[in-house]
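Peer 1: Residues -6 to 150 in our numbering are what the sequence shown lists, from first letter to last.
Just dropping this structure here.
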Amino acid sequence: MSKHAAAGLVHTRPGAIWREITKNLGRKPATRMYPKERPVLPPNFRGRPVFNPKGGCVGCMLCVRDCPSDAVKISKIGEKQFSATFNLDNCIYCGQCADSCAKKVISMSKEFELAAFDRSTLTNTTDSDPPPPKVAETKLSSEEVACETPEIPETKA
Ligand code: SF4
Ligand code: SF4
């Protein structure tokens, strides 16, 4: 056995690939014809965070405090009135702001097509929030669910 084969870098069984080929012949391609074919989003998908200006924000700043990326700013715009600004180029779409908001004023939309040529357009204030696009939610196959929720092995202390 060569030293590469011993190190596991070379297939020691030349016929093994045929088993893989025949196993996958009947399967659909894993890739999709995006954007023609819309992606399948899992139910808990986290896209662009959205602030509801009529949601009753109390200005507690918990969302600002808990954001790990310093990506959300709350501004007072009137008596008991607040607006939010999200820096989407900093945001990591973790959903912590939505979790921290006891008033449920912030939610995570399904909007994910956020690529832009100009970074300044990635600062989203409450007033300029466009309506979230309609993204088809398709039921995931058991195979896709398994891909979405990987099992994290326990680490030993
Ligand atoms: S989703 Fe996460 S990173 Fe983005 S604004 Fe909310 S807390 Fe900050
Ligand atoms: S956590 Fe909610 S209520 Fe508090 S400032 Fe943020 S959006 Fe407003």
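Idealized CB from N, CA, C, for every residue including glycine.
Use the C-beta contact count for Q89: other C-beta atoms within 10 angstroms, 16 or more gives buried, fewer gives exposed.
Peer 2: buried
Peer 1: Taking only the alpha-carbon atoms, compute the straight-line gap between S100 and P22 and give it to the nearest angstrom.
Peer 2: 33 Å
Peer 1: Per DSSP, which residues does F105 bridge with? Please list them.
Peer 2: The partner list for F105 (beta bridge, DSSP) is empty, contrary to what the question assumes.
Peer 1: Please decide whether C94 counts as near chain D, where near means a Cβ-Cβ distance under 8 Å.
Peer 2: The displayed structure is made up of one protein chain only, and chain D is not part of it.
Peer 1: Report, in whole angstroms, the separation of the C-beta atoms of T118 and S76, which I expect to be a contact under 8 Å.
Peer 2: Going by Cβ atoms, the distance from T118 to S76 rounds to 6 Å, so yes, they are a contact pair.
Peer 1: Look up N37 in the DSSP assignment and say whether it is helix, strand or coil.
Peer 2: Annotated three-state conformation of N37 is coil, per DSSP.
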